[in-house]
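A.B. asks:
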Amino acid sequence: MAADTRTEPRTIGPVALPSAERFRPLLGLLVPAALVVVWHLVVATGTVAAYQLPTPLRVAETLSGMAASGELWGHVAVTLRRVALGAGLGIVAGTAFGTVTGLSRTASDLLDPLLQSLKNIPSLAWVPLFLLWFGIGETAKVLLIAVGAFFPVYLNLSTGIAAVDEDLLEVAEVYDLGRVESLRRVVFPAALPDLLVGIRGGIGLAWMFVVAAELIAASQGIGFLLSDGRTLARPDIIVGSILLFAFLGNCSDVAAKGVRDRVVGR
Amino acid sequence: MSSDADPVLAVDDLRKRYGETVALDGVDLAVADGEFVAVVGPSGCGKSTLLRVLSGLEAQFDGRVAVGGTDVRAGGSDDVGMVFQEPRLLGWADVRENVAVGLPADVDPERPAARDRVDDLIETVGLDGFADSRPDELSGGMAQRVSLARGLAYDPAVLLLDEPFSALDRLTKADQQDHLLDVWERRGTTVVLVTHDVEEAVYLADRVVVLDGQPGTVASVVDVDVERPRERADPDLVALRREVTDALGR
Numbered sequence: 001m002a003a004d005t006r007t008e009p010r011t012i013g014p015v016a017l018p019s020a021e022r023f024r025p026l027l028g029l030l031v032p033a034a035l036v037v038v039w040h041l042v043v044a045t046g047t048v049a050a051y052q053l054p055t056p057l058r059v060a061e062t063l064s065g066m067a068a069s070g071e072l073w074g075h076v077a078v079t080l081r082r083v084a085l086g087a088g089l090g091i092v093a094g095t096a097f098g099t100v101t102g103l104s105r106t107a108s109d110l111l112d113p114l115l116q117s118l119k120n121i122p123s124l125a126w127v128p129l130f131l132l133w134f135g136i137g138e139t140a141k142v143l144l145i146a147v148g149a150f151f152p153v154y155l156n157l158s159t160g161i162a163a164v165d166e167d168l169l170e171v172a173e174v175y176d177l178g179r180v181e182s183l184r185r186v187v188f189p190a191a192l193p194d195l196l197v198g199i200r201g202g203i204g205l206a207w208m209f210v211v212a213a214e215l216i217a218a219s220q221g222i223g224f225l226l227s228d229g230r231t232l233a234r235p236d237i238i239v240g241s242i243l244l245f246a247f248l249g250n251c252s253d254v255a256a257k258g259v260r261d262r263v264v265g266r
Numbered sequence: 001m002s003s004d005a006d007p008v009l010a011v012d013d014l015r016k017r018y019g020e021t022v023a024l025d026g027v028d029l030a031v032a033d034g035e036f037v038a039v040v041g042p043s044g045c046g047k048s049t050l051l052r053v054l055s056g057l058e059a060q061f062d063g064r065v066a067v068g069g070t071d072v073r074a075g076g077s078d079d080v081g082m083v084f085q086e087p088r089l090l091g092w093a094d095v096r097e098n099v100a101v102g103l104p105a106d107v108d109p110e111r112p113a114a115r116d117r118v119d120d121l122i123e124t125v126g127l128d129g130f131a132d133s134r135p136d137e138l139s140g141g142m143a144q145r146v147s148l149a150r151g152l153a154y155d156p157a158v159l160l161l162d163e164p165f166s167a168l169d170r171l172t173k174a175d176q177q178d179h180l181l182d183v184w185e186r187r188g189t190t191v192v193l194v195t196h197d198v199e200e201a202v203y204l205a206d207r208v209v210v211l212d213g214q215p216g217t218v219a220s221v222v223d224v225d226v227e228r229p230r231e232r233a234d235p236d237l238v239a240l241r242r243e244v245t246d247a248l249g250r
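Chains as they are written, first to last, in the UniProt record's numbering: chain A, 1 to 266; chain B, 1 to 250.
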C-alpha cells in the first residue's frame, strides 16, 4: 500500500529567513500611498481648489477631531448596527428562500422568475416606497439593507443546492440516508461554499444599501454625515465619510472572506 | 447451485433503454442467498446499467427485478448496497465520516460500537492511520478502498460492486480481493461483482455471467466449481479463465 500513499509528512526545512515574499501583501498599499501624495500635491499647489478637495491632512484632522469629541463613534455605531441587522435579516431570508428553491423544482419555477426580476431594482428606487410603508424610522432602513443582502445569498445558495453532484445524491440514495440525513450530510455541506460566497456578496451589498438609506432619510450614521457635509459645504467631511465607508466595507469583506476560507479550507 | 433455492436476487427478462439506445435486452439472472456472482463483459455491454437497476437507481425499465421477493421499485433495493466505479466520497468529510455514511439508518454513528465498527472496516481495507484524512489527501486507490469500506459498513443482504478494484495496483488488488472473500464468507452476504478482469472474476466467484454487448444480453454462464481457498494459479481456474475469455469472443 506504500505505492499509493501520496500524503507524506510535510518536512519543515531550515527556518526561512524573512523573504521578500512576506512583504508582498504590502505591495497593494503602494499605489494608494502614491495617490495620497499626488492628492496632497494637486491641492497644495492650487491645481484643485481646496473648497472642492481638501488636503489629505485636513481630512485626517477632521476625522480625528470628530473621533476625539465622540461625535464620530455615534455615527459609526448607528451605521454598523443597521448594516449588521439588515445583513443578518437578508442572509436569513436568502438562506430560507435559497434552500426551498434549490430543493424544489416547483418552488423554483414559482418564485425564481419573480425574485430574479426584483433583484434588478436599484437600491435607490426602493427608498420612497419603504419610507411610505415604514416611515423614516429604523425599520425602513434595516429592511432596505436586508433587501440588498438577500439577493446574493438567495441566488448563490439556490444555484449551489440545485447543482449538488448527482453522483453524491445517488450515494445517499443507495445507502438509504433518507431525506433529512441526506440534506444534513450531503446537500448542505456541498452547498456551503456557495452560501458563503453569497453571504460575502450580501454583506457587500448591505453597505451599498445603507448609503441609499442614510443619504435620504437619516439624522445619524455615516451616510447622514455625508449628506450633512454637502449641506454644510464641508468637502473634508464628505471625503472623510467616503473613506470611512471604504474602510468599514473592506473590513467586513476581509472578515467574510476569512470565514469562507477557513470553512472551505483553502 | 442457484436454480433450486429461492433466489435472493431475481432478474427476469430485464430490458432497459436510454432514449433510443437499448442498454439491456432481455437479461435473466437468479442469484442464490450467499452466492458470489461475477459479471464480465466488454465495455458498453450494460454491466453498470445492470447494477444501477439492481440498486434501485433506475426506476424506468421493463421486466421484473426483485430482491428477497420484493420489487426493487417497491423497497426491495433497501437491502442492496453498492460500491460505485468511482469513489464518490464526500470531499469535506474525513475517511471515518465517509465510511459512516454506509452505516445502516438505525445505527447512530456517534455510538462507540458504531465507531469501532467503522475503525475496523478502515483497518480491513488497509487504511489504518488515515481515518482522519480528507479524500483529497488520498490517492485514487485509497479513495476507492474508502468507498469499499462504506459499502461493507452497510452490511446489506446483497452487495453490488462495480469494478471496485480497477484503480488498485496489483498487490493491493490481491489483498483487497481476499478481504472481500473474507467478509463474504463471514457474513454470508450475496455479492454481485462487475469486472472486466477475467482472472479476478474466476478467482472470486461461484459463477461468472458473461454479458454480450450491445445491447447487453447474457452470452453464457460459467460455473466455477473449485474449492476455496483457491490458488490463483490453479490449473482448473486457468482453464475456466480461457472458457470465459472464449465466451467473451476474444
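Glycine included, each C-beta is placed from N, C-alpha and C at the ideal position.
None of these values were measured; they are calculated from a predicted model.
1. Reducing DSSP to helix, strand and coil, say where A:Thr79 ends up.
2. When DSSP labels each residue in this structure, what does A:Thr5 get in the three-state scheme?
3. Could you give the uninterrupted runs of the alpha helix (DSSP H) lying entirely in the segment 3–60 of chain B, keeping only those of 4 residues or more?
4. What did DSSP end up calling B:Leu181 once you bin it into helix, strand or coil?
5. Should B:Cys45 be labelled buried (16 or more other beta-carbon atoms within 10 Å of its own) or exposed?
6. Looking at the structure shown, is B:Asp206 part of a helix, part of a strand, or coil, going by DSSP?
7. Please determine if the segment 28–36 of chain B and the segment 206–215 of chain B are in contact, where contact requires at least 3 C-beta pairs separated by less than 8 Å.
8. Take B:Arg230 as the anchor and find which of B:Ala131, B:Ala201, B:Gln214 and B:Val80 has the nearest alpha-carbon.
9. What in chain B is Cβ-close to A:Glu61, meaning under 9 Å?
10. What are the start and end residues of the alpha helix (DSSP H) that includes B:Ser133?
11. Using CA atoms only, rank isn't needed, just tell me which of B:Arg186, B:Tyr203 and B:Arg187 is closest to B:Leu193.
12. Anyone know if the C-beta pair for B:Leu51 and B:Asp162 falls short of 8 Å?
13. A:Thr231 lies in the beta strand (DSSP E); which residues open and close that run?
14. Measure the CB-CB distance between B:Leu160 and B:Val80 and report whether it falls below 8 Å.
15. Please classify A:Ala67 as buried or exposed, where buried requires at least 16 other C-beta atoms within 10 Å of its C-beta.
16. Which residues in the same chain as B:His179 place their Cβ atom closer than 6 Å to its Cβ, once the five residues preceding and following it in sequence are excluded?
17. So who's on the other strand from A:Ser117, going by DSSP bridges?
18. Distance, Cα to Cα, A:Thr101 vs A:Phe188?
19. Once you ignore the five residues that flank A:Val48 on each side, which residues in its own chain have a CB closer than 8 Å to its CB?
20. With 16 other CB atoms within 10 Å as the buried threshold, where does A:Val259 fall?
21. Which one or two residues does DSSP pair with B:Arg186 in a beta bridge?
22. Could you say which of A:Leu53, A:Ala33 and A:Thr45 lies nearest to A:Ile242 if we only look at CA atoms?
23. Do you know whose CA, among B:Gln214, B:Asp236 and B:Asp136, lies nearest B:Asp223's CA?
24. Which residues of chain C have a Cβ atom closer than 9 Å to the Cβ of B:Val183, listed in chain order?
25. Going by alpha carbons, who is nearest to B:Phe84 out of B:Ala149, B:Arg64 and B:Ala247?
26. Roughly how many angstroms separate the alpha carbons of B:Glu97 and B:Phe61, rounded to a whole number?
27. State the start and end residues of the unbroken beta strand (DSSP E) segment that holds A:Gly202.
28. So, helix, strand or coil for B:Val80, using DSSP?
29. Looking only at C-alpha atoms, which of A:Asn120, A:Val36, A:Phe134 and A:Val31 sits nearest to A:Ala213?
30. Tell me, to the nearest whole angstrom, how far the beta carbon of residue 253 of chain B is from that of B:Leu121; I am working on the premise that it is less than 8 Å.
31. If you run the structure through DSSP and keep just helix, strand and coil, what is residue 251 of chain B?
32. Going by other Cβ atoms of all chains shown within 10 Å of its Cβ, with 16 needed for buried, is A:Ile199 buried or exposed?
33. Below 7 Å CB to CB, which residues in the same chain sit around A:Leu225 once its five sequence neighbours on both sides are set aside?
34. At 8 Å on the CB atoms, spell out the chain A contacts of B:Gly81, in chain order.
35. Name the residue from A:Val239, A:Ala172 and A:Val264 whose alpha carbon lies nearest to the alpha carbon of A:Pro56.
36. State buried or exposed for A:Asn156, treating a residue as buried only when at least 16 other CB atoms are found within 10 Å of its CB.
C.D. replies: Let me lay it out:
1. helix
2. Because the pLDDT of A:Thr5 is 46, which lies under 50, any placement of that residue in the model is unreliable, and the question is left without a value.
3. 47–54
4. helix
5. buried
6. coil
7. yes
8. B:Ala201
9. By Cβ distance, chain B contributes nothing, its closest Cβ being about 50 Å from A:Glu61, past 9 Å.
10. Neither: B:Ser133 is in no alpha helix (DSSP H) and is coded neither H nor E.
11. B:Tyr203
12. yes
13. A:Thr231 -> not in any beta strand (DSSP E); alpha helix (DSSP H) instead, spanning Ile222 to Thr231.
14. yes
15. exposed
16. Thr124
17. Paired residue(s): none; A:Ser117 is not in a bridge.
18. 14 Å
19. Val42
20. exposed
21. According to DSSP, B:Arg186 bridges with nothing at all.
22. A:Leu53
23. B:Asp236
24. Given the protein chain composition of this structure (A and B), no chain C is represented.
25. B:Ala149
26. 34 Å
27. Premise fails: A:Gly202 lies in the alpha helix (DSSP H), Phe188 to Ile216, not in any beta strand (DSSP E).
28. strand
29. A:Phe134
30. With chain B covering only 1 through 250, there is no way to say anything about residue 253 of chain B.
31. No information on residue 251 of chain B is available, as it lies outside the stretch 1 to 250 that chain B covers here.
32. buried
33. His75, Ile237 and Ser241
34. Val174 and Tyr175
35. A:Val239
36. buried
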